[in-house]
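Enquirer: Per my numbering, the sequence shown starts with residue 3, numbered consecutively.
Glycine residues also receive a C-beta, built at the ideal position from the N, C-alpha and C atoms.
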Amino acid sequence: MFGAGIAHATPAADDGYDGSSLWLRYPAVDDPRLLAGYRASITAIVVENADRTKVHRHTANLSMAPGSTEHLVETTLQAARDELVRGLGGLLGRPVPVRDAPGGRIPAGAVVAGTRTGSPAVHRSVSAGDLAAIGDDGYLVRSCRAGGQAFTVIAGNTDLGVLYGTFAFLQRLQTRQAVTHLNVSSAPRIRRRYLNYWETERLYAGNNASGTGGLNGENGAIFDFAATGAGAALNLPVILDRYLVAARAMASVGINGITINNVNANSGYLTPAAIEQEAALADALRPYGIRLALSINYAAPTDARFAPDTLTREQLDPYGAQFRDWWNRRARRLQAAIPDFIGFTVKANSEGQPGPQDLGYDHGDGANGIAAAVAPLGMRIFWRTFVYNADVDRDRLKRAYLEFGPLDGKFADNVFIQTKNGPLDYQAREPVHPLFGRMEHTDQALELQITQEYTGQNTMLCYLGPLWEEVLKADTYATDEHGRLLRKRLVGDIVEGTTRSRPDSAIIGVANLGNADNLTGHHFAQANLFAYGRLAWDWTAGSRNLAEDWVRMTWGHHPDVVRTIVAMMTGSREAVVSYQTPLGVAHQFRSSDHYGPAPGERLSREDWSPVYYNQADSAGLGYDRSPTGSGFTAQYFPILAARYGDIDSVPEDLLMWFHHVPWDRRLRGGRIFWDELVSRYELGVGYVTWMRHAWDSLEARLDARRFAEVKAKLAAHEADAAGWRDTCVGYWQQFSGLALPDDGPLSVAVVVAGTSATSRRIPVPAGASPRITKVVPADPAARAEVLAQPRSVPGQAVVRVTATSSFGPVVKDHVFDVVPTGGEPGAPPGSPPAAHGTGA
Ligand code: GCW
3 MFGAGIAHAT PAADDGYDGS SLWLRYPAVD DPRLLAGYRA SITAIVVENA
53 DRTKVHRHTA NLSMAPGSTE HLVETTLQAA RDELVRGLGG LLGRPVPVRD
103 APGGRIPAGA VVAGTRTGSP AVHRSVSAGD LAAIGDDGYL VRSCRAGGQA
153 FTVIAGNTDL GVLYGTFAFL QRLQTRQAVT HLNVSSAPRI RRRYLNYWET
203 ERLYAGNNAS GTGGLNGENG AIFDFAATGA GAALNLPVIL DRYLVAARAM
253 ASVGINGITI NNVNANSGYL TPAAIEQEAA LADALRPYGI RLALSINYAA
303 PTDARFAPDT LTREQLDPYG AQFRDWWNRR ARRLQAAIPD FIGFTVKANS
353 EGQPGPQDLG YDHGDGANGI AAAVAPLGMR IFWRTFVYNA DVDRDRLKRA
403 YLEFGPLDGK FADNVFIQTK NGPLDYQARE PVHPLFGRME HTDQALELQI
453 TQEYTGQNTM LCYLGPLWEE VLKADTYATD EHGRLLRKRL VGDIVEGTTR
503 SRPDSAIIGV ANLGNADNLT GHHFAQANLF AYGRLAWDWT AGSRNLAEDW
553 VRMTWGHHPD VVRTIVAMMT GSREAVVSYQ TPLGVAHQFR SSDHYGPAPG
603 ERLSREDWSP VYYNQADSAG LGYDRSPTGS GFTAQYFPIL AARYGDIDSV
653 PEDLLMWFHH VPWDRRLRGG RIFWDELVSR YELGVGYVTW MRHAWDSLEA
703 RLDARRFAEV KAKLAAHEAD AAGWRDTCVG YWQQFSGLAL PDDGPLSVAV
753 VVAGTSATSR RIPVPAGASP RITKVVPADP AARAEVLAQP RSVPGQAVVR
803 VTATSSFGPV VKDHVFDVVP TGGEPGAPPG SPPAAHGTGA
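1) Out of 598, 308 and 823, point me to the one whose CA is closest to residue 268's CA.
2) Could I get the ranges of all uninterrupted alpha helix (DSSP H) runs contained in the region 687-773, with 4 residues as the minimum, in chain order?
3) Would you kindly check if the distance between the Cβ of residue 283 and the Cβ of residue 262 is under 9 Å?
4) Out of 786, 714 and 414, which has the shortest C-alpha to C-alpha gap to residue 749?
5) Taking only the alpha-carbon atoms, compute the straight-line gap between residue 339 and residue 295 and give it to the nearest angstrom.
6) By alpha-carbon positions, which one of 120, 82 and 149 ends up nearest to residue 165?
7) Tell me which residues share the same chain as residue 774 and place their Cβ nearer than 6 Å to its Cβ, disregarding the 5 neighbours each side in the sequence.
8) Reducing DSSP to helix, strand and coil, say where residue 654 ends up.
9) Excluding the five sequence neighbours on either side, which residues of its own chain have a C-beta within less than 6 Å of the C-beta of residue 487, listed in chain order?
10) Between the region 508-527 and the region 445-454, do at least 3 Cβ pairs fall closer than 8 Å?
11) Which of the three DSSP states, helix, strand or coil, is assigned to residue 388?
12) Just to check my reading of the structure: residue 223 and residue 205 have Cβ atoms closer than 8 Å, yes? What is that Cβ distance to the nearest angstrom?
13) In the DSSP assignment, the beta strand (DSSP E) including residue 511 goes from what residue to what residue?
14) Within 8 Å, do at least three Cβ pairs link the region 114-121 to the region 72-86?
15) For ligand 1, any of its heavy atoms closer than 8 Å to the Cβ of residue 849?
16) Helix, strand or coil: how does DSSP classify residue 548 here?
17) Do you know offhand how far residue 122's Cα is from residue 226's?
18) Are the region 201-221 and the region 488-495 in contact at 8 Å, needing three or more beta carbon pairs?
19) Using the Cα positions of residue 420 and residue 369, report the straight-line distance between them to the nearest angstrom.
20) Taking Cβ to Cβ, would you say residue 40 is nearer than 9 Å to residue 181?
21) Leaving out the 5 sequence neighbours to the left and right, which residues in its chain are closer than 7 Å to residue 324 when beta-carbon positions are compared?
22) Following the continuous beta strand (DSSP E) through residue 144, name the residue where it begins and the one where it ends.
23) Candidates 462, 477, 458 and 394: which alpha carbon is nearest residue 435's?
24) Just the C-alpha distance for residue 596 and residue 610, rounded to the nearest angstrom, thanks.
25) For residue 624 and residue 730, I'd like the C-alpha separation in whole angstroms.
26) Return yes when the Cβ of residue 508 is within less than 9 Å of the Cβ of residue 195, no when it is not.
27) What are the partner residues of residue 418, as DSSP defines its beta bridges?
28) Is residue 428 a contact residue of ligand 1, with contact defined as CB to any heavy atom under 8 Å?
29) What residue range does the alpha helix (DSSP H) around residue 185 cover?
30) Please list, in chain order, all residues of the same chain as residue 87 whose beta carbon is under 8 Å from its beta carbon, the five residues on each side excluded.
31) Can you check DSSP and say which residues form a bridge with residue 806?
32) Give me whichever residues DSSP pairs with residue 260 in a beta bridge.
33) Can you give the beta carbon distance from residue 346 to residue 383, rounded, assuming they're within the 8 Å contact cut?
34) Could you tell me how far apart the beta carbons of residue 348 and residue 300 are, in whole angstroms, since I believe they sit closer than 8 Å?
35) On the three-pair Cβ rule with 8 Å, is the region 694-704 touching the region 575-595?
36) Near residue 209, which residues of its chain fall below 8 Å by C-beta distance, leaving aside the five closest residues on each side in sequence?
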């Protein structure tokens, strides 16, 4: 305890660290050789004319809250320079001076950042041709040599490109890569890499224990518009540290826009007083390349807060001049205060929000009406396709396509339609939304949910990189008008616009930021923001590599730390799928909070009810969307339609999205559906148990506060995962009528007093030894060990089974109660939760 472990332990001074720097913490490099190399290569920072190109600022006397540690900058190059000062100073463990390049002499070891137009040193080092391929947002990072001096150049065509290159260079050190012989160039594949922010709805990162916020009069959202009490003095236009930490973090992964309010929009954000606050926020974020947008309510013109400038309900006609003029007036006001304002995000005729259908128009009419109003101002409309009007079809999954598919080609040039990755609602796994590939003449933005509404909220460790990687690399099998397969047809190709040569492209992440110390609630939720940004920049990136980068930047570099945490993250999403919605049984969530299980819940709307999605009956489980069922599969391109429509060819991970599966159907692995289903729940929980153990093994290598906070989360995570398993398996069993399998991958038989037992209660004759004499795991590849032997009868034994699932290691501690023969009757073998709820 006191000897060996100390060498790699984090210094005690860090033990109170709260995670508030996200992945931009920059602790000193602790490997002496690496540090010496970095120090030799990097001795000065040169950012010429950093103060010259001031970004627009609307707010006179824009200022930070008293006592802030971050500070406002006026140019993007100041942001780049300051990040180099902070980052290199931290990583190298000593200040790195900011220098000039007098008479064109670049100091040896300089890191030179700039554009060809702003920096003579960059102009001499990089040709226009070199920069031609990287566009407005791209960057080059190069090791150069001139006059016998070696130095590094970070160049872009724009100041923002330089800032992105700066972060990319810092990330090399943060991830312990070489900084010599560099010839890096990068440009984003998607032009608009935005966040949508829902303020307090589905917020799991607020500053109180539940993650909803509410302390100091703040509502828990990251940006304060209307805090009361102690927080009132800190409302915008005052700028808080966390806004700039978030801005730097967003810029570090290339995020370049944010819609700051919920899509269930409060029109108060369009009032003059709010616009002044928004302008101040825009001022503070602008140097980081982050532009603002707002969500709007289609019927905002009828809102009394705008009196006397209000319309009647009848005047909400999207073709009417009054409607268009009203929106044009609002947009002009916004643009006067925020010249680079992006435009509006619209949720219309969805979940009670008003929309064009209220007046008999369709989504195309509505989107084009507002789009026409803002087009002269260069603004964009993001019109969401998350609609599921029950009159359209009995099957909720078919509705969006039925409404939007026919509108392809009808949308104005400044309209994006914005579509969630799957046809339902941010489940841990969904098939791709059938609209991808089908809207050939429409700009289509992909909407992902970073905030973990259905993936464990602020309690469960669920790294979403693998989910998004699966979505972006999913093959739509899109065909051209002659039925020939397109060459570029992955969802990522469609989103980046190459499939049909779309001129513009956008990806949207529903963000998970709040006012918690660590800004995301769960420390590991930071990884989801990070991975989202990196995938938005380059959707072909591998989620495992992104996890490793984040781990190094956030937790450290000891091989145990990197290996263990990356492994935890990599399988964590599949574990959530396994214990919540295995084999494609979707949306089994409690309606009150979308966290816990409620498979038997039946609500006023059938399409909100778990029973509607699971269709459990004595024949089987799952929603039949095949050609003989709802016919949803026909919305996909032919290859997928055929694959999903046939229970023999559908991928098993999606089985119950498309089929009502008989309980005794034989699956590909040879087991019957029921047995496989129960095993999946087991494996999911077993992975969480493994994660808890794995985390514990890192205690000596991690700073104390964050270690303890994650440890506590994992304990709750494991209990809640077991709750999902027990609730769901118990509920399904009422329909299947089948016993729980005792041959699952984590099952074990034990021999006591010469008799083999698999159930929790082991009857032992009087006088016989209660000891376990033999353990036999059902899975021959699994390992079983007796952790505790009973001392007497009655007594308890604990047996640990360790195995490997398709997504990672799994562990289960079985507790056996040894009871006297003829004693109180034991639970019937295999009845839940006893045999499956016994994790110790
Ligand atoms: O998943 C659902 C959420 C709602 C959300 C809606 C949407 C903002 O439960 O909270 O509304 O999706 O995406 O519009």
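Expert: Reading from the atomic positions:
1) The residue given as residue 268 occupies position 266 in the sequence shown. Considering only alpha carbons, the answer is 308.
2) Runs found: 706-738.
3) Against the sequence shown, residue 262 aligns to sequence position 260. Against the sequence shown, residue 283 aligns to sequence position 281. Cβ atoms of residue 262 and residue 283: closer than 9 Å.
4) Locating residue 749 in the sequence shown gives position 747, counting from the first residue. For residue 749, the nearest C-alpha among the options comes from 786.
5) Here residue 339 is taken as the residue at index 337 of the sequence shown, counted from 1. Here residue 295 is taken as the residue at index 293 of the sequence shown, counted from 1. Looking at the two C-alpha atoms, the distance is approximately 13 Å.
6) On the sequence shown, residue 165 is found 163 positions in, with the first residue counted as 1. Taking only the C-alpha atoms, the option nearest residue 165 is 82.
7) On the sequence shown, position 772 is the one that residue 774 refers to. If we look at residue 774 and ignore the five residues flanking it on each side, its Cβ neighbours are 752, 754, 788 and 799.
8) The residue you call residue 654 lines up with position 652 of the sequence shown. Helix, per DSSP.
9) One-based indexing of the sequence shown puts residue 487 at position 485. Once the five neighbours on either side are set aside, the close Cβ partners of residue 487 are 481.
10) yes
11) For this step, residue 388 is matched to residue 386 along the sequence shown. Residue 388: coil per DSSP, three-state reduction.
12) Taking the first residue of the sequence shown as position 1, residue 223 is located at position 221. Taking the first residue of the sequence shown as position 1, residue 205 is located at position 203. Indeed, because the Cβ distance is near 7 Å, the residues count as touching under 8 Å.
13) For the purposes of this step, residue 511 is taken as the residue at position 509 of the sequence shown. Its beta strand (DSSP E) spans residues 508-512.
14) yes
15) Summary: the structure shown does not reach residue 849, with the chain confined to residues 3 through 842, and so no result is reported for it.
16) On the sequence shown, residue 548 is found 546 positions in, with the first residue counted as 1. Of the three classes helix, strand and coil, the one that applies to residue 548 here is helix, per DSSP.
17) Here residue 122 refers to the residue found at position 120 when the sequence shown is read from its first residue. Here residue 226 refers to the residue found at position 224 when the sequence shown is read from its first residue. If I take the Cα positions, the gap works out to 42 Å.
18) no
19) Translated into positions along the sequence shown, residue 420 becomes position 418. Translated into positions along the sequence shown, residue 369 becomes position 367. Cα to Cα, residue 420 sits roughly 12 Å from residue 369.
20) If you number the sequence shown from 1, residue 40 lands on position 38. If you number the sequence shown from 1, residue 181 lands on position 179. Yes, Cβ-Cβ distance for residue 40 and residue 181 is below 9 Å.
21) Walking along the sequence shown from the start, residue 324 turns up at place 322. The answer, listed in chain order, is 313 and 317.
22) Working through the sequence shown from its first residue, we reach residue 144 at position 142. 141-148 is the extent of the beta strand (DSSP E) around residue 144.
23) In the sequence shown, residue 435 corresponds to position 433, counting from 1. Looking at 462, 477, 458 and 394, the one whose alpha-carbon comes closest to that of residue 435 is 477.
24) In the sequence shown, residue 596 corresponds to position 594, counting from 1. In the sequence shown, residue 610 corresponds to position 608, counting from 1. In a straight line, the C-alpha of residue 596 is about 11 Å away from that of residue 610.
25) Here residue 624 refers to the residue found at position 622 of the sequence shown. Here residue 730 refers to the residue found at position 728 of the sequence shown. Roughly 13 Å between the two C-alpha positions.
26) On the sequence shown, residue 195 is found 193 positions in, with the first residue counted as 1. On the sequence shown, residue 508 is found 506 positions in, with the first residue counted as 1. In this structure, residue 508 lies closer than 9 Å to residue 195 by Cβ.
27) On the sequence shown, position 416 is the one that residue 418 refers to. According to DSSP, which records beta bridges pairwise, residue 418 is partnered with 384 and 445.
28) By 1-based counting over the sequence shown, the position of residue 428 is 426. Within the chosen limit of 8 Å, ligand 1 reaches the beta carbon of residue 428 through at least one heavy atom.
29) Within the sequence shown, residue 185 is the residue found at index 183, counting from 1. Boundaries for residue 185: no alpha helix (DSSP H) harbours it, while the beta strand (DSSP E) harbouring it runs 185-188, taken from the DSSP string.
30) The sequence position of residue 87 within the sequence shown is 85, counting from 1. The answer, listed in chain order, is 47, 97, 98 and 100.
31) For the purposes of this step, residue 806 is taken as residue 804 along the sequence shown, with counting starting at 1. BP columns for residue 806 point to 811.
32) As a working note, residue 260 is residue 258 in the sequence shown. Partner(s): 197 and 294.
33) Taking the sequence shown and counting its residues from 1, the one referred to as residue 346 is at position 344. Taking the sequence shown and counting its residues from 1, the one referred to as residue 383 is at position 381. That pair is a contact at about 6 Å.
34) As a first step, residue 348 must be located in the sequence shown, where it is residue number 346. As a first step, residue 300 must be located in the sequence shown, where it is residue number 298. That pair is a contact at about 6 Å.
35) no
36) Locating residue 209 in the sequence shown gives position 207, counting from the first residue. Hits under 8 Å: 215, 216, 217, 218, 220, 222, 516, 517, 518 and 519.
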